[in-house]
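Following: one structure in structure tokens, then a few remarks.
Number of protein chains: 2
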Amino acid sequence: MKKITVSLIAEKAQVSPATVSRVLNHRELVKEPTIRKVEEVMRSLGCQMENTVTVSKETQPLIVLNIPGIENVFYQEIIRGARVSAKAHGCHLLIHESHLNKGNMLDFCNLLRRVDAAGVILLNRISEEALNQIRMIVPLVQCCEYNEHADYPYVSIDDTRAAELATEYLLANGGSKIALINGPGNFKYAKRRQEGFMNALQKAEVMIPKQWIVQLPEVSYEMAYAAVCRLLNSDSRPNAFFTISDVFAAAVIRAAKRFHFHVPKDILVVGFDNIELSSMTTPSITTVNQPKFQMGYTACEMLLELMEDPHGEMKSLLLDTELVIREST
Amino acid sequence: MKKITVSLIAEKAQVSPATVSRVLNHRELVKEPTIRKVEEVMRSLGCQMENTVTVSKETQPLIVLNIPGIENVFYQEIIRGARVSAKAHGCHLLIHESHLNKGNMLDFCNLLRRVDAAGVILLNRISEEALNQIRMIVPLVQCCEYNEHADYPYVSIDDTRAAELATEYLLANGGSKIALINGPGNFKYAKRRQEGFMNALQKAEVMIPKQWIVQLPEVSYEMAYAAVCRLLNSDSRPNAFFTISDVFAAAVIRAAKRFHFHVPKDILVVGFDNIELSSMTTPSITTVNQPKFQMGYTACEMLLELMEDPHGEMKSLLLDTELVIREST
Numbered sequence: 361m362k363k364i365t366v367s368l369i370a371e372k373a374q375v376s377p378a379t380v381s382r383v384l385n386h387r388e389l390v391k392e393p394t395i396r397k398v399e400e401v402m403r404s405l406g407c408q409m410e411n412t413v414t415v416s417k418e419t420q421p422l423i424v425l426n427i428p429g430i431e432n433v434f435y436q437e438i439i440r441g442a443r444v445s446a447k448a449h450g451c452h453l454l455i456h457e458s459h460l461n462k463g464n465m466l467d468f469c470n471l472l473r474r475v476d477a478a479g480v481i482l483l484n485r486i487s488e489e490a491l492n493q494i495r496m497i498v499p500l501v502q503c504c505e506y507n508e509h510a511d512y513p514y515v516s517i518d519d520t521r522a523a524e525l526a527t528e529y530l531l532a533n534g535g536s537k538i539a540l541i542n543g544p545g546n547f548k549y550a551k552r553r554q555e556g557f558m559n560a561l562q563k564a565e566v567m568i569p570k571q572w573i574v575q576l577p578e579v580s581y582e583m584a585y586a587a588v589c590r591l592l593n594s595d596s597r598p599n600a601f602f603t604i605s606d607v608f609a610a611a612v613i614r615a616a617k618r619f620h621f622h623v624p625k626d627i628l629v630v631g632f633d634n635i636e637l638s639s640m641t642t643p644s645i646t647t648v649n650q651p652k653f654q655m656g657y658t659a660c661e662m663l664l665e666l667m668e669d670p671h672g673e674m675k676s677l678l679l680d681t682e683l684v685i686r687e688s689t
Numbered sequence: 361m362k363k364i365t366v367s368l369i370a371e372k373a374q375v376s377p378a379t380v381s382r383v384l385n386h387r388e389l390v391k392e393p394t395i396r397k398v399e400e401v402m403r404s405l406g407c408q409m410e411n412t413v414t415v416s417k418e419t420q421p422l423i424v425l426n427i428p429g430i431e432n433v434f435y436q437e438i439i440r441g442a443r444v445s446a447k448a449h450g451c452h453l454l455i456h457e458s459h460l461n462k463g464n465m466l467d468f469c470n471l472l473r474r475v476d477a478a479g480v481i482l483l484n485r486i487s488e489e490a491l492n493q494i495r496m497i498v499p500l501v502q503c504c505e506y507n508e509h510a511d512y513p514y515v516s517i518d519d520t521r522a523a524e525l526a527t528e529y530l531l532a533n534g535g536s537k538i539a540l541i542n543g544p545g546n547f548k549y550a551k552r553r554q555e556g557f558m559n560a561l562q563k564a565e566v567m568i569p570k571q572w573i574v575q576l577p578e579v580s581y582e583m584a585y586a587a588v589c590r591l592l593n594s595d596s597r598p599n600a601f602f603t604i605s606d607v608f609a610a611a612v613i614r615a616a617k618r619f620h621f622h623v624p625k626d627i628l629v630v631g632f633d634n635i636e637l638s639s640m641t642t643p644s645i646t647t648v649n650q651p652k653f654q655m656g657y658t659a660c661e662m663l664l665e666l667m668e669d670p671h672g673e674m675k676s677l678l679l680d681t682e683l684v685i686r687e688s689t
């Protein structure tokens, strides 16, 4: 980012700093000759006109991070990572919570304009059309969830591969009758993890009844508990669970106790995310660690680059996961 | 809120709506005669000039909610409550995370101006001076934590009384040797809950060793686990724990298992907050339920009233808590 201040431009253009600021942000309020004069000075100083961010304004840039739901603790570390990066670059970070969809996209775009946002980090998978709409206002980076059909940068993990490895680990440790407790199907991660789960079963030539693939509409402990109780109360019960969230894994452990099954002796459990909860339960939960902090941090770093150079090339990135073995397997 | 729109004022003053908007928000950009003309029309329509909020703007007002740390899941329900209220009134809600202090107060005030915030909900206890600074910019309401010496409205709970009742319950159920696992001392809740704990002991004429009052610098599961392990590993060990967070209670349960003590047979545990975790552990945690959603909702409703009438009277409010009895006692 070039260290050209509004004051410097104002001085050289012989106008007030407020006028320069208006040229940058409220061009409609400034007369044409003044705009031309200010723009000339900025060009002579080497600022690109289409990119007002190259001028370091007196105000700190603002980054908006959108999360689908505050109740999912998975997002905490991602937010922390983004905050560390934003702070290091002197940017404000504000968090907006919304399941972005057609119904509220206009609201969100209005908000971005209203607060004069400099960039957006999106943790929702949204349509290409909506991404285009947002990109008209500010640079954006997708984090965790992303639209693979749209040409916008993202940082995420290889969900399919991670789920496949976790399932293979269960199969190798005696979990021959595996159930999948999955989350809302409109999320990329739910689809991919189910794919990975099925891949591993297919390779091992293991068949499971259809009802052992449970799709829950929310990452809700209560719902998972009820669903797992039903599975454990049936005549043909699973002896292993792969769950796409540690919250679900905690529900499996609780449900197993309710039916006097021992974890891991009778039932193996593998979760996903490695949130703090996974080491709080007894037994503690074997889980797939996601690099949450790094994803948030990297997403913000990528965004900052785009804010500096909106037309620069930006490669997307898949970060590594790892299986953390604890007491539940 | 009077239903007088910018368009109506513009029509009557024979200026563009953009000019009216500028008079309201960027007075410095408008010529004096135009300001006078617009203000005259507004007065004739019954708008108070010192309070631009009485004019319903085309843009949605923005409320900023500050939390000290995103990692404390206790805030989730508070945010949800505030969001429901804000949404119902057509306001945007953005979350800002910061331990507000002298060092970053200027940053925060700049942010509020930068995004043209209409009001603030504060979950930090901050100095009267800082509250005054913020109030110069926007109306504010304190939630959970508050400065009792400053004359600003708050919604919270009676921490002292809640802690006293919880401790009395432990004493009545055989917990004669009670330890307190407390949080960071700069929080009002930590001071008050310790007060309540001591009150109950005093009334029952129970004495405890000094080292059974543990003050941790963070609401951290890891730290609590280590501290409780030390207590349980000593010759004179407590047979009951009152913890000011369910996260600490979960750590007590885990530490008790580590030393082969049975909860609740050998050790009683009462937590605080009633976060989801308290029903996820085995045994589940007896805890003081805080009306988290209601606090967030009420704080936002109070703020909306202040945004409409910044000089109106506003009473503070303490909401009720209740003891939720589960398996850990």
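Protein chains in written order, with the numbering used here: chain A, 361 to 689; chain B, 361 to 689. C-beta: ideal position from N, C-alpha, C; glycine also. Keep in mind the model is a prediction, meaning the values are calculated, not measured.
For residue i: DSSP bridge partner residues
i: GLY631 (chain B); result: B:THR647
i: TYR514 (chain B); result: B:GLN502
i: LEU678 (chain B); result: B:SER516
i: ASN426 (chain B); result: B:HIS456 and B:LEU482
i: ILE573 (chain B); result: B:LEU540
i: THR641 (chain A); result: Note: THR641 (chain A) sits in no beta bridge, so no partner.
i: LEU683 (chain A); result: A:VAL648
i: THR603 (chain A); result: A:ILE541
Nonlocal neighbours in the same chain, by C-beta distance under 7 Å from residue i, ignoring five residues either side
i: ARG440 (chain A); result: PHE653 and GLY656
i: GLU661 (chain B); result: SER445
i: GLY535 (chain B); result: ASN599, ALA600 and LEU628
i: ALA659 (chain B); result: ALA442, ILE481, VAL501, CYS503 and VAL515
i: ALA615 (chain B); result: TYR585, VAL588, CYS589 and LEU592
i: MET465 (chain A); result: ALA490 and GLN493
i: LEU453 (chain A); result: ILE423, LEU425, ALA442, ARG443 and ALA446
i: HIS509 (chain B); result: GLU488
i: GLN571 (chain B); result: none
Neighbourhood of residue i by C-beta distance below 6 Å, restricted to the same chain and skipping five residues each side
i: GLU410 (chain A); result: With a pLDDT of 43 at GLU410 (chain A), under the threshold of 50, the predicted position of this residue should be treated as unreliable, though the coordinate-derived value follows. Hits under 6 Å: none found.
i: THR527 (chain B); result: PHE557, ALA560 and PHE602
i: LEU540 (chain B); result: PHE557, ILE573 and PHE602
i: HIS456 (chain A); result: VAL424 and ASN426
i: PRO421 (chain B); result: CYS451 and ALA478
i: VAL684 (chain B); result: ASN634, THR647 and ASN649
i: SER688 (chain B); result: VAL623, PRO624, VAL629, PRO643, ILE645 and THR646
When the options are compared against residue i, the one with the closest alpha-carbon
i: LEU637 (chain B); options: A:GLU582, A:LEU454, A:ILE685 and A:MET667; result: A:GLU582
i: SER596 (chain A); options: A:ARG686, A:LYS391, A:ALA586 and A:LYS537; result: A:LYS537
i: TYR512 (chain A); options: A:ASP633, A:GLY450, A:LEU683 and A:LEU677; result: A:LEU677
i: ALA477 (chain B); options: A:ARG474, A:THR681 and A:ASP519; result: A:ARG474
i: GLU682 (chain B); options: B:GLU508, B:ILE497 and B:ALA522; result: B:ALA522
i: LEU663 (chain A); options: A:ILE395, A:GLY479 and A:LYS447; result: A:GLY479
i: ASP519 (chain B); options: B:GLU665, B:ASN649, B:ALA611 and B:LYS675; result: B:ASN649
i: ARG553 (chain B); options: B:ALA564, B:ILE517, B:VAL566 and B:GLN571; result: B:ILE517
i: CYS469 (chain B); options: B:HIS449, B:ARG495 and B:ALA448; result: B:ARG495
Cβ neighbours of residue i in the same chain (closer than 8 Å, five flanking residues each side left out)
i: ALA550 (chain B); result: ASN542, GLY543, PRO544, GLN575 and ILE604
i: LEU368 (chain A); result: LEU405
i: ASN546 (chain A); result: ARG485
i: PRO569 (chain B); result: SER596
i: ASP680 (chain A); result: ILE517 and PRO651
Within 8 Å, do at least three Cβ pairs link the stretch 427-447 of chain B to the stretch 422-432 of chain A? yes
Quick check: the stretch 473-491 of chain B against the stretch 449-465 of chain B, are there 3 or more CB pairs under 8 Å? yes
Three or more C-beta pairs below 8 Å linking the stretch 593-609 of chain B and the stretch 634-649 of chain B: yes
Quick test of the definition: if touching needs 3 or more C-beta pairs under 8 Å, does the stretch 618-634 of chain A touch the stretch 655-670 of chain A? no
Given 8 Å, three or more beta-carbon pairs between the stretch 398-407 of chain B and the stretch 371-379 of chain B: yes
Residues in the stretch 599-610 of chain B with C-beta within 9 Å of chain A's C-beta atoms, listed in sequence order? VAL607 and ALA610
Any contact of the stretch 472-486 of chain B with the stretch 501-513 of chain A, i.e. 3+ C-beta pairs under 8 Å? no
If you measure beta-carbon to beta-carbon, which residues of the stretch 647-658 of chain B are closer than 7 Å to chain A? none
Select from the stretch 578-589 of chain B all residues with a C-beta closer than 8 Å to any C-beta belonging to chain A, and list them in chain order. TYR581
Against chain B, which members of the stretch 455-483 of chain A pass a CB distance test of less than 8 Å? ILE455, HIS456, GLU457, ASP467, ASN470, LEU471, ARG474, VAL475 and ASP476
Check each residue of the stretch 433-455 of chain A: if its Cβ is closer than 9 Å to any Cβ of chain B, include it; give the result in chain order. VAL433, TYR435, GLN436, GLU437, ILE439, ARG440, ARG443, HIS452, LEU453, LEU454 and ILE455
Using a beta-carbon distance cut-off of less than 9 Å, what residues from the stretch 605-639 of chain B approach chain A? VAL607, ALA610, ALA611, ILE613, ARG614, LYS617, GLU636, LEU637 and SER639
Between the stretch 419-431 of chain B and chain A, which residues of the former have CB atoms less than 8 Å from a CB of the latter, in chain order? THR419, GLN420, LEU422, VAL424, ILE430 and GLU431
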